[in-house]
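Chain order of the listed sequences is V and C.
In terms of full-length UniProt numbering, the first sequence opens at residue 1 and continues consecutively.
In terms of full-length UniProt numbering, the second sequence opens at residue 1 and continues consecutively.
A quick write-up on the structure given underneath.
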Amino acid sequence: MTPARFAYARPTTLEEALGILARGGEEAAPLAGGQSLMPMMAMRVARPALLVDLNRVAGLDAIALEGGVLRIGAMARHAAVLAHPLVAAEAPLLPRALEEVAHPAIRNRGTLGGSLALADPAAELPACMVALDATIVLASAGGERRVPAADFFQGLYATARRSDELLLRVEIPRAAGWTPWFAEVARRRGDYALAGLAVMARCTAGRIVEARLGFCGVEAAPRRLPAVEAALVAGEDAASRLPALLEPLGSAEAPAGYRLHLAQVLLRRATEALHAAA
Amino acid sequence: MTASAIGRAMPRPEARRLVAGGGRYLDDHAERGELQACFLRSPLPHARFALDVAAAKTLPGVEAVLTASDLAAVCRPWRTESRSFPGLVSPRQAPLAEGRATWQGEPVAMVLAATRAIAEDAAEAILAEWEELPAVTAPEAALVPGAPPVHPGSETNRAWGATIGGGDPDAAFAAAALVVEERLVFTRHTGVPLEPRGALATWEPGTGALTVRLSHQMPHQMRLHLAEQLGLPVNRVRVICSDVGGGFGIKMHVYQDEMAVAAAARLLGRPVRWVSDRMEALLADIHAREHVVTARMAVDAEGRILGFDLHDLQGLGAYSVYPRSSTVEAISVVRSIGAPYRFAHGRARVDSVLQNKVATGQYRAVGAPVGCAVTERLVDKAARARGEDPLAFRARNLLRTAEMPWVNPFGAAQHGMDHHAVLETAKALIDLPALQAEIEAGRAAGRLLGLGLAFTVEYTASGPAVYGAGHVAVAATDTVVATLEPTGEISAQASITEIGQGITQGLAQVLADAVGVAPEAVRVGAGDTQAAPHGGGAWASRGAAIGGEAAWGAGRALRAQLLEAAGALLQAAPDSLDIREGVVTDAAGAARMTLAELGTLMLFRGHEMPKGVTPGLSATFHYRREQDVTLANNGLQAALVEIDGETGLVRVLRHWMVGDCGRVLNPLLVDGQYRGGVAQGIGEALLEACRYDAESGQFLSGTLADYLLPMATDIPDIALAHVEVPYAGSAVGAKGAGESGTCGAPAAILNAVNDALLAAGGGVVTELPIHPVAVLRALGRLA
Ligand SMILES: Cc1cc2nc3c(=O)[nH]c(=O)nc-3n(C[C@H](O)[C@H](O)[C@H](O)COP(=O)(O)OP(=O)(O)OC[C@H]3O[C@@H](n4cnc5c(N)ncnc54)[C@H](O)[C@@H]3O)c2cc1C
């Protein structure tokens, strides 16, 4: 468990980082918190020829509210996002979900950008970004590019990010009047979810009038499920739609049928809680 | 009289050192000029292979790439044999597989390089051609007619089998008023010590001496095997086990890896280091407890157990582990069946089968958790069938102390146990009426709560006959050498080894009482064959029961020597003197001289000693228990669990354990062992599994993200109580304590989960670990 040989660059400005990344091509990998990349390199599952360490690039971890949009920099650590008052006020879904992400030591290093760029199917934050209708802002030497979260996650560890691009930040639109809900099922506290569900719902007069959701741990990547969201709004049994819609993953410890079952359990729990809160 | 050190709850200084990061584990030692080793391991469960190492050898920093034939020049193969298992089929093994790998993870080549990273690069650069052969992984598949042979050419995959029992089981079952039956499946798991295995071997060509640092539980045993395999005089081999970060039985076997490291050092004349990484550990450490047990129990109309009849299908892996043989685990299962209870008839058929998997072997509590789970599941089932309280059914059938010594039909000897005292202590500890009211209230509110019980009997502190009868070179006798320092302290060397369990503190307390000094004045060392005397090391919960006797004997012998010397100096009869708190006193307790004065005289001013006084500063005691093949300990565990009926997840809310390990040397040590053991038992019950793909035979639990260890949040409060019935056949009276937590926790949790399921109108679960899918199926909530 030692990484294969790699070159290492530690830029201090974004411009420099993007230049190195562009020259490195497919063989280069940004290094953020290293909580996923380093173990993958140690197992030689990942073998980038060049590591571009982002930890000395200033300004990538800012958390700010601008024009009603919450911006969270890619290098913001999980622990910082979890504790930030602006996040608690503007996107309370995130702290709720982040409590389920790994353990304190890992949250001290792991970053929002790393989690989104990695796109582990079981990771909580990608599902949250889908439910929050966030925009992922990418940068390359050629400029910035904005991708809606729902289009960013494309499959198992696959995203819309090109190899010469860095995640810069996410932008989360204001959601006044929306209620967040997040829960997951894991064998042990802090594990990646067997199934998790992030929901944002707008409720008036005791009913859900608008909803966005994203599952994690269930399918290869989180995605919006319009038919399920419509069923939630219509007050129908949304969970019963899931078997026809979802393509659950299977593994030795969590067969596909079990993940589907858990997705239904979570959706029922969410529906009940949101109605109670409405 | 001064307060006894034995039984005192003393914190141990070593724990402070280890917790503060002061441990010196294998990887903290380095030799000048050492090479780092990395193994190329078979990626397939069964394959023929051809290797081309030419390219790998040319990488900068690579010193050598060795294959089977290279090491064959310096290392003989070995084969597991035991007269206790006549006819055992377990082929010869060499440090590296030659031409055919029999399990996924088996080492086939070894790279020696300047760094581990370079060695891994070179391992990747070996051109290996793998021709996949049919593999057997599931134990049920091994004996199916036409099953592919695990070792081509052998007629059967049955490595060993036997029928064990006594009485007349057929008649007992025919006459029974009630027969309960269950098929229980136990999935492989493994020990996962915090420090992985490793070896650092140095060959000294001038003297032809080999020094090997190991992370291992039994340095003397390994010294012998290293000498035998490498063809060296045993006194030219030194094994050093410094701080060892846990063993759990994982580190009591001879592995190909460590042998290859020693052989490579001998061959290349350079120090060689290898430390297993976590992925290698999960793949290539022994696994344990793969059993499919079909068992039935006969009960008469009064609710008395008549007998047991069972079949145990045990998965051994590709070889029966060297030197102890994996089949020992099946014997341990059988001995544990029905052990706390009175029954007259038993039959156990055992089939131990070969598989294309890493070997299974002795892991904490060996087969006892399996036998306990089978028994306690059947007992619960019988009580329920009779409409009876499960505790009442148990109480009726528990052996009484007056009936002992008692040998049950499986040949298991029971002596000196008071199950009823354990039962009464447990009732007080648990407050059953209050707990039952709480469960009823919870159930009324819709919660799926369950309470499970398990009585345990575990055979510890194995005596010389256990392996000796099989002519297996495993020492069950132990030695302590105690020395008076000229400054009055006592130093000792023990053949028992310290692997983090704290036994050297326990031995220090015994020595303190035996000599008559404060326990703080005693230091016990262990683990270096150049310093420590011969003996067995750490296994079978033997440190206190066997090592404690050796310490007592050495301490008393030293005390007698010192009193003889003091008597001569003081012109007093030795038996008119005493040693208290490090001071030689007269019978009334008046100080005559300190041990420091005595030691100084004996060592530095020998000319002042009276003529003819011979005793020295050191005394040795070699303890060999002559009676009682093993010392059975006993206890009761109870678990309160809650099931999430929608997700199938189980939480242990509370856990209780009452144990009798005889004389408690230090309650802090015993409580730590009990709690840690229970934690491992919780893992076994709910989380830990070495899984293999049903079709490809590929190992699926290769990282700690896949192999689920219990974490702090999975362990509830564990309430403990002790019953202390000292072993009557020894001076100190300790029995084993290290494994009993693991012995009973799986059974208690299995019964608790089934209690909750049945109360909710569901079926039962019969497979460990208890998977949430199985729970949901039992509840009829998942197809
Ligand atoms: C024991 C353990 C448990 C965990 N449990 C969970 C869990 O329950 N849920 C969960 O979501 N995560 C979990 N994680 C993962 C953790 O949250 C990681 O920190 C996270 O997934 C990756 O973030 P990182 O900053 O460490 O990224 P890194 O490991 O540094 O990088 C991850 C990937 O993202 C790329 N990358 C990083 N930053 C950027 C960027 N700005 N632009 C473009 N690409 C980038 C890297 O090249 C790499 O491919 C766990 C990790 C461990 C070790």
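Using N, Cα and C, we set each Cβ at its ideal position, and we do this for glycine too.
Exposed unless 16 or more other CB atoms sit within 10 angstroms - verdict on residue i
{"i": "Glu181 of chain C", "result": "exposed"}
{"i": "Phe343 of chain C", "result": "buried"}
{"i": "His607 of chain C", "result": "exposed"}
{"i": "Asn356 of chain C", "result": "buried"}
{"i": "Leu194 of chain C", "result": "exposed"}
{"i": "Arg71 of chain V", "result": "buried"}
{"i": "Arg223 of chain V", "result": "buried"}
{"i": "Glu207 of chain C", "result": "According to the sequence provided, residue 207 of chain C is Thr. The question's Glu does not apply to it. It counts as exposed."}
{"i": "Gln673 of chain C", "result": "buried"}
{"i": "Met1 of chain C", "result": "Legend: pLDDT at Met1 of chain C = 46, less than 50; position of this residue unreliable, no value from coordinates given."}
{"i": "Asn235 of chain C", "result": "exposed"}
{"i": "Asp478 of chain C", "result": "buried"}
{"i": "Thr111 of chain V", "result": "buried"}
{"i": "Thr58 of chain C", "result": "exposed"}
{"i": "Asp380 of chain C", "result": "buried"}
{"i": "Glu440 of chain C", "result": "exposed"}
Distance between residue j and residue i (C-alpha atoms, nearest Å)
{"i": "Val481 of chain C", "j": "Met41 of chain V", "result": "49 Å"}
{"i": "Arg278 of chain C", "j": "Tyr727 of chain C", "result": "40 Å"}
{"i": "Gly555 of chain C", "j": "Ala473 of chain C", "result": "28 Å"}
{"i": "Gly190 of chain V", "j": "Ala689 of chain C", "result": "19 Å"}
{"i": "Val244 of chain C", "j": "Gly196 of chain V", "result": "40 Å"}
{"i": "Ala175 of chain C", "j": "Ala298 of chain C", "result": "8 Å"}
{"i": "Phe621 of chain C", "j": "Cys661 of chain C", "result": "23 Å"}
{"i": "Met75 of chain V", "j": "Phe153 of chain V", "result": "19 Å"}
{"i": "Trp160 of chain C", "j": "Arg96 of chain V", "result": "55 Å"}
{"i": "Glu34 of chain C", "j": "His225 of chain C", "result": "23 Å"}
{"i": "Gln362 of chain C", "j": "Leu316 of chain C", "result": "11 Å"}
{"i": "Tyr258 of chain V", "j": "Lys735 of chain C", "result": "45 Å"}
Close beta carbons around residue i, own chain, < 6 Å, minus the five adjacent residues each side
{"i": "Glu329 of chain C", "result": "Val366, Gly367"}
{"i": "Gly114 of chain V", "result": "Ala32, Gly33"}
{"i": "Asn754 of chain C", "result": "Val764"}
{"i": "Val522 of chain C", "result": "Ile490, Ala508, Leu511, Ala512"}
{"i": "Ala64 of chain V", "result": "Arg71"}
{"i": "Ala596 of chain C", "result": "Thr487, Gly488"}
Cβ distance (whole Å) where residue i is taken to contact residue j below 8 Å
{"i": "Ala64 of chain C", "j": "Arg273 of chain C", "result": "Ala64 of chain C to Arg273 of chain C, Cβ: 14 Å. No contact."}
{"i": "Ala211 of chain V", "j": "Val199 of chain V", "result": "6 Å"}
{"i": "Cys75 of chain C", "j": "Leu282 of chain C", "result": "Between Leu282 of chain C and Cys75 of chain C the Cβ distance is about 26 Å, and since that is not below 8 Å, they are no contact."}
{"i": "Ala149 of chain V", "j": "Ile136 of chain V", "result": "6 Å"}
{"i": "Asp312 of chain C", "j": "Val293 of chain C", "result": "5 Å"}
{"i": "Leu708 of chain C", "j": "Arg188 of chain V", "result": "6 Å"}
Beta-carbon proximity list for residue i, same chain, < 7 Å, skipping 5 on both sides
{"i": "Ala685 of chain C", "result": "Ala745, Pro746, Ile749, Leu750, Leu768, Pro769, Ile770"}
{"i": "Leu18 of chain V", "result": "Ala139, Ser140, Ala141, Leu166"}
{"i": "Ile499 of chain C", "result": "Gln217, Val244, Gly246, Gly247, Ala538"}
{"i": "Ile430 of chain C", "result": "Ala638, Trp656"}
{"i": "Leu54 of chain V", "result": "Ala17, Pro30, Leu31, Ala32, Leu60, Met75"}
{"i": "Gly589 of chain C", "result": "Arg580"}
beta-carbon residue i near ligand 3 non-hydrogen atom, thresh 8 Å
{"i": "Glu100 of chain V", "result": "This structure lacks ligand 3; the ligands present are ligand 1."}
CB contact check: residue i to chain D, cutoff 9 Å
{"i": "Gly21 of chain C", "result": "The structure shown has no chain D; the protein chains it does contain are V and C."}
8 Å Cβ shell around residue i - same chain, five flanking residues per side excluded
{"i": "Pro219 of chain C", "result": "Val239, Ile240, Cys241, Thr497, Gly527, Asp528, Thr529, Ala532, Gly537"}
{"i": "Ile20 of chain V", "result": "Ala9, Pro11, Ala28, Leu50, Val52"}
At least 3 beta-carbon pairs within less than 8 Å: the stretch 716-731 of chain C vs the stretch 79-93 of chain C: no
Meets three-Cβ-pair contact criterion under 8 Å: the stretch 289-307 of chain C and the stretch 318-326 of chain C: no
The stretch 457-469 of chain C in contact with the stretch 566-578 of chain C per 3-pair CB rule at 8 Å: no
Touching by the beta-carbon criterion (3+ pairs, under 8 Å), the stretch 11-20 of chain C and the stretch 250-260 of chain C: no
Contact between the stretch 86-96 of chain C and the stretch 3-12 of chain C (3+ Cβ pairs under 8 Å): no
Meets three-Cβ-pair contact criterion under 8 Å: the stretch 39-54 of chain C and the stretch 93-113 of chain C: yes
contact_flag[the stretch 694-703 of chain C, the stretch 773-783 of chain C] where n(CB pairs < 8 Å) is 3 or more: no
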